[in-house]
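As structure tokens, the structure follows; a few thoughts come after it.
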Amino acid sequence: ETGVTQSPTHLIKTRGQQVTLRCSSQSGHNTVSWYQQALGQGPQFIFQYYREEENGRGNFPPRFSGLQFPNYSSELNVNALELDDSALYLCASSFGVNTEAFFGQGTRLTVV
Amino acid sequence: GIQVEQSPPDLILQEGANSTLRCNFSDSVNNLQWFHQNPWGQLINLFYIPSGTKQNGRLSATTVATERYSLLYISSSQTTDSGVYFCAVLGARGSQGNLIFGKGTKLSVKP
Numbered sequence: 001e002t003g004v005t006q007s008p009t010h011l012i013k014t015r016g017q018q019v020t021l022r023c024s025s026q027s028g029h030n031t032v033s034w035y036q037q038a039l040g041q042g043p044q045f046i047f048q049y050y051r052e053e054e055n056g057r058g059n060f061p062p063r064f065s066g067l068q069f070p071n072y073s074s075e076l077n078v079n080a081l082e083l084d085d086s087a088l089y090l091c092a093s094s095f096g097v098n099t100e101a102f103f104g105q106g107t108r109l110t111v112v
Numbered sequence: 001g002i003q004v005e006q007s008p009p010d011l012i013l014q015e016g017a018n019s020t021l022r023c024n025f026s027d028s029v030n031n032l033q034w035f036h037q038n039p040w041g042q043l044i045n046l047f048y049i050p051s052g053t054k055q056n057g058r059l060s061a062t063t064v065a066t067e068r069y070s071l072l073y074i075s076s077s078q079t080t081d082s083g084v085y086f087c088a089v090l091g092a093r094g095s096q097g098n099l100i101f102g103k104g105t106k107l108s109v110k111p
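As you go down the protein sequences, you meet chains A and B in turn. Mapping the first sequence onto our numbering, position 86 (from 1) lands on 86, and the numbers just tick up by one. Mapping the second sequence onto our numbering, position 103 (from 1) lands on 103, and the numbers just tick up by one.
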């Protein structure tokens, strides 16, 4: 059984650029959630996808967008990067929206 | 929305000591999970425990849903237990399916 994998692990971008982060869900899981974790804080919910549809969204601006593919993998896209977008981005997968969530190793994004 | 508070925020232990971490939440929950975040940032699942008691080796957890708290016990701590422990809940009311995290307890175990 393959766990949740994220790519890339580290990324450096310039303010104003766009970035795409990728997540492969655990085998058998159909729900993917994305979280942003700033240094010294707990993860904050960005959005969730269930069976390719957005199922909920946290308090993040529209320049944060996502997709879920038929194989339940997912992408997080961030446009017009700002310095405050520098954070660890975590992806979690689960079977359904109210079950145990499993996290990937994260993508550490630095915006300079 | 639901609030999650963890205590203590920081904890320093000598190797071999026992500890109890607490998580209080402000409303009914459908899901409660404990995680250990390793130095590389990955959240490792410790327990999925919306209610009741579970044990896994030196770790155990208890959730009393009616009183809105959960406890994580670490016995005979080891240096490898160091890191940040997070409690996260899924609210039973008005939830979008997302976990709400506390601010974490930073544990340092000294040899």
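Cβ atoms here follow ideal geometry from the backbone N, Cα and C, with glycine treated the same way.
| query | result |
| --- | --- |
| Proximity below 8 Å, CB of Q6/B to CB of F103/A | no |
| Close-in-space but distant-in-sequence residues of the same chain around Y72/A (CB under 6 Å, 5 per side omitted) | S25, N30 |
| Sequence-distant residues of its chain with Cβ nearer than 6 Å to S65/A (five each side left out) | N77 |
| Cutoff 6 Å; reference S51/B; Cβ partners in own chain excluding five residues on either side | T63, A65 |
| C-beta contact flag for Y89/A and Q36/A at 8 Å | yes |
| Length of the line joining the Cα atoms of D84/A and R22/B | 31 Å |
| Contacting residues, own chain, Cβ-Cβ under 6 Å from H10/A (five flanking each side not counted) | R108 |
| Other residues of its chain near G104/B: CB distance less than 7 Å, five sequence neighbours each side excluded | Q6, V84, Y85, F86 |
| Residues near Q68/A by beta carbon distance below 7 Å, same chain, minus five either side | V32, Y49, E52, S74 |
| 9 Å Cβ cut-off: residues of chain A touching W34/B | Near W34/B there are no residues of chain A at all, since even the closest Cβ is about 11 Å away, more than 9 Å. |
| Buried or exposed by the 16-neighbour rule on C-beta atoms within 10 Å, applied to W40/B | exposed |
| Separation of Q18/A from S77/B, as counted between CA atoms | 44 Å |
| Pair within 8 Å by beta-carbon distance, P111/B and T80/B | no |
| Supposed close pair G106/A, Q6/A - CB separation, criterion 8 Å | 6 Å |
| Inter-residue spacing [alpha-carbon to alpha-carbon] between Y69/B and T14/A | 43 Å |
| Chain B contact for R108/A (CB, 8 Å cutoff) | yes |
| Residues in the region 24–36 of chain A having any Cβ partner in chain B nearer than 7 Å | S33 |
| N98/A vs N31/B beta-carbon contact at 8 Å | yes |
| Closest by C-alpha distance to G40/A, when choosing among S93/A, A80/A, A87/A | A87/A |
| According to DSSP, residues forming a beta bridge with S7/A | R22/A |
| Residues of the region 1–23 of chain B whose Cβ lies closer than 9 Å to any Cβ of chain A, in chain order | V4, Q6 |
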